[in-house]
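First comes the structure, then the notes that go with it.
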Amino acid sequence: MKVILYMGITPNGYIAKPDGDSEWTSEEDLKGFYEQSKKAGNIIMGKNTFNYVVKQEMFPFPDALNVVVSHEAIENTWGEKVLILNKSPKEVLVVLKEKGFQSAFLAGGGQLNASFMKEGLVDEMYLDVEPLIFGQGIKLFADNDFELELELLDVKKMNSNTVQLHYKVLK
Ligand SMILES: NC(=O)c1ccc[n+]([C@@H]2O[C@H](COP(=O)([O-])OP(=O)(O)OC[C@H]3O[C@@H](n4cnc5c(N)ncnc54)[C@H](OP(=O)(O)O)[C@@H]3O)[C@@H](O)[C@H]2O)c1
Numbered sequence: 016m017k018v019i020l021y022m023g024i025t026p027n028g029y030i031a032k033p034d035g036d037s038e039w040t041s042e043e044d045l046k047g048f049y050e051q052s053k054k055a056g057n058i059i060m061g062k063n064t065f066n067y068v069v070k071q072e073m074f075p076f077p078d079a080l081n082v083v084v085s086h087e088a089i090e091n092t093w094g095e096k097v098l099i100l101n102k103s104p105k106e107v108l109v110v111l112k113e114k115g116f117q118s119a120f121l122a123g124g125g126q127l128n129a130s131f132m133k134e135g136l137v138d139e140m141y142l143d144v145e146p147l148i149f150g151q152g153i154k155l156f157a158d159n160d161f162e163l164e165l166e167l168l169d170v171k172k173m174n175s176n177t178v179q180l181h182y183k184v185l186k
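Just so we're aligned: the sequence shown equals residues 16 to 186 in my numbering.
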């Protein structure tokens, strides 16, 4: 199972402002995000990201099985397009594999990203570096104990101010 992480980030590695705001990423970032999630057919997110996108009326994301990972018993009022799992990252991937998916799309936030990295489960990362910088917020990876080398697969200019870094995670 190939795991792909896709995030819009600031040059100093934040994915959201302290209040959770991530509305500052570009149209191209959103487009790439939707394309990749559609390609995988699924989208995995942590509870805080879920709460944020529900508030923004963006949930559930179209064309993909939306998988929410939480220890909380969240009621599923959305039906078959949504799966709410109280499971570890590895167990989440087993569920997706059993459902016939060949790849998994990891969509944040920082805590869930770090948990997947710590277990060495991420294979590729797309990072859209946006032209905004702020000094406090939610990090791409919450503090955790991991170190992984990367291979740069591609660099793409998405618009006049946004660069996409595409990495392979070496294992
Ligand atoms: N810029 C971007 O591209 C982008 C993309 C996605 C999200 N975001 C932003 O990221 C922010 C949320 O990030 P976040 O770091 O605060 O939270 P998060 O990773 O979205 O969610 C963390 C929560 O997920 C649950 N969880 C269950 N199993 C977990 C595990 N193994 N590891 C980690 N978490 C697990 C926990 O809730 P329980 O206590 O219920 O278990 C945990 O508190 C939002 O503000 C969103 O806007 C930005």
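Every residue, glycine too, gets a C-beta built ideally from N, C-alpha and C.
- Between the alpha carbons of Ile59 and Asp36 lies a distance of about 19 Å.
- In the three-state scheme derived from DSSP, where H, G and I count as helix and E and B as strand, Ser37 is classed as coil.
- Of Gln151, Ala157, Tyr141, the smallest CA-CA separation from Val170 is found for Tyr141.
- With a threshold of 16 other beta carbon atoms within 10 Å, Ile24 meets it and is buried.
- Considering only Asp158, Glu106, Asn176, Glu139, the residue with the shortest C-alpha distance to Glu164 is Glu139.
- Measuring C-alpha to C-alpha distances from Glu166 to each of Val18, Asn81, His181 identifies His181 as the nearest.
- Taken from the Cβ of Thr177, every heavy atom of ligand 1 lies 7 Å or farther away.
- In the three-state reduction of the DSSP assignment, Val137 falls in the coil class.
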